[in-house]
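To keep things clear, I will list the structure first and then write my remarks on it.
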Amino acid sequence: MQNLEMEVFLCRSDNFGVLVHCPERNLTASIDAPEAGPIIAAAERRGWKITHILTTHHHTDHVEANLELKERYGCEIIGPVHEAVAIPGLDNAVGDGDSFDFGDRRVDVIETPGHTAGHICYHFADSKLLFAADTLFALGCGRLFERPAADMWHSLHKLAALPDETAVYFGHEYTLSNARFAVTIDPDNARLRARAEEIEAARREGRFTIPTMMGLEKETNPFLRVSDPGIRRNLLMEGKTDEEVFAEIRRRKDNF
262 MQNLEMEVFL
272 CRSDNFGVLV
282 HCPERNLTAS
292 IDAPEAGPII
302 AAAERRGWKI
312 THILTTHHHT
322 DHVEANLELK
332 ERYGCEIIGP
342 VHEAVAIPGL
352 DNAVGDGDSF
362 DFGDRRVDVI
372 ETPGHTAGHI
382 CYHFADSKLL
392 FAADTLFALG
402 CGRLFERPAA
412 DMWHSLHKLA
422 ALPDETAVYF
432 GHEYTLSNAR
442 FAVTIDPDNA
452 RLRARAEEIE
462 AARREGRFTI
472 PTMMGLEKET
482 NPFLRVSDPG
492 IRRNLLMEGK
502 TDEEVFAEIR
512 RRKDNF
């Protein structure tokens, strides 16, 4: 089986567009559909026809181009069952524990409520890929719009159980802000400080910060490190639950 091919580009102001191409079956999935023009341009640049849209959640900046792409390509739209009524053009509603085939590869659905009530992620286990959209970012996580902090913490805990070598593709280029915030929460983490410097350089040079690796996130992302004694001391929350520490970190990021 050949490796999946990837194309990553910007949509809107800071959304990532991602195309995933299966060369054996000539299938191409768009991860969400933030903006038609850049997605179509990327597909034409690679000579690919979009056959699937893998929708993670209902926010406009992730579904705006669904109908235009479906009309142009006749693609199948897969999306979260608990947000089915809000996903334009939805053909196949999926939920936690479901799976489907993308060519010869199985795609597992992981439900991750928090940013929205029905947010899902797509895990290509054989290819070691996770498409996390607005649940998990490099050095961050999504804002809590529709579910409480405890639910988001549970969702992130599920993702953190995936293998360290999993490449994580996320929905927005927020990494520089996330890095600057993370060092205020975990100032004694040498790996984090070094990573923050690498991110500063990358963004100065116009380079993307996608993908990240799950193992790296577990070492440096404060939202995954709520049990770390140093973080808890820094927050004066040594006797609190993981959910309470997570909620405080999220509150601070909201006001950063």
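Residue numbering for the sequence shown follows the working numbering, starting at 262 and increasing by one per position.
Glycine included, every Cβ here is placed at the ideal spot set by N, Cα and C.
- E434 is not a Cβ neighbour of T396, given a cutoff of 8 Å.
- Proximity to E505 across G364, A410, R306, D387 peaks at A410, based on C-alpha coordinates.
- Straight-line measurement puts the Cα of S438 at about 15 Å from the Cα of G467.
- Boundaries for L330: no beta strand (DSSP E) harbours it, while the alpha helix (DSSP H) harbouring it runs 327-334, taken from the DSSP string.
- Taking C-beta atoms as the reference points, L280 and A303 count as a pair closer than 8 Å.
- Between the beta-carbon of L453 and that of V429 there is about 17 Å, and that puts the pair past the 8 Å contact cut.
- When DSSP states are grouped into helix, strand and coil, T321 belongs to the helix group.
- Of the residues A443, V370, A378, the one whose Cα lies closest to the Cα of L423 is V370.
- Scanning the segment 369-452 from its first residue to its last, the whole alpha helix (DSSP H) runs of 4-plus residues come out as 410-421, 436-446.
- With fewer than 16 other Cβ atoms from the protein chains shown falling within 10 Å of its own Cβ, G491 counts as exposed.
- For H313, the beta-bridge partners assigned by DSSP are A290, E337.
- Here V355 has I339, G340, P341, V342, F361, V370, I381 as same chain residues with Cβ atoms under 8 Å from its own Cβ, once five neighbours each way along the sequence are excluded.
- Around the beta carbon of P448, a 10 Å sphere encloses fewer than 16 other beta carbons of the protein chains shown; the residue is thus reported as exposed.
- Beta-bridge partners of D362 (DSSP): R367.
- For the 8 Å CB-CB criterion, G350 and L315 do not form a contact.
- Nearest in C-alpha terms to V368, of all of M498, A457, A386, is A386.
- For N495, the enclosing alpha helix (DSSP H) starts and ends at 490-496.
- By the 16-neighbour rule on beta-carbons within 10 angstroms, K514 is buried.
- G401 and H323 do not touch by the CB rule: their CB atoms are close to 17 Å apart, not below 8 Å.
- Between L330 and I292 the beta-carbon gap is near 12 Å, outside 8 Å, which marks them as no contact.
- Taking 8 Å as the upper bound for CB-CB distance, E426 and K389 are in contact here, some 6 Å apart.
- The beta-carbon separation of M413 and G375, rounded to 3 Å, stays under the 8 Å limit for a contact.
- Here L280 carries a strand assignment [DSSP, helix/strand/coil].
- DSSP places L271 in the uninterrupted beta strand (DSSP E) bounded by 266-272.
- In the same chain as E266, and ignoring 5 residues on each side of it, the C-beta atoms closer than 7 Å to its own belong to H282, P284, in chain order.
- Looking from the CA of R408, the closest CA among G298, T289, A508 belongs to A508.
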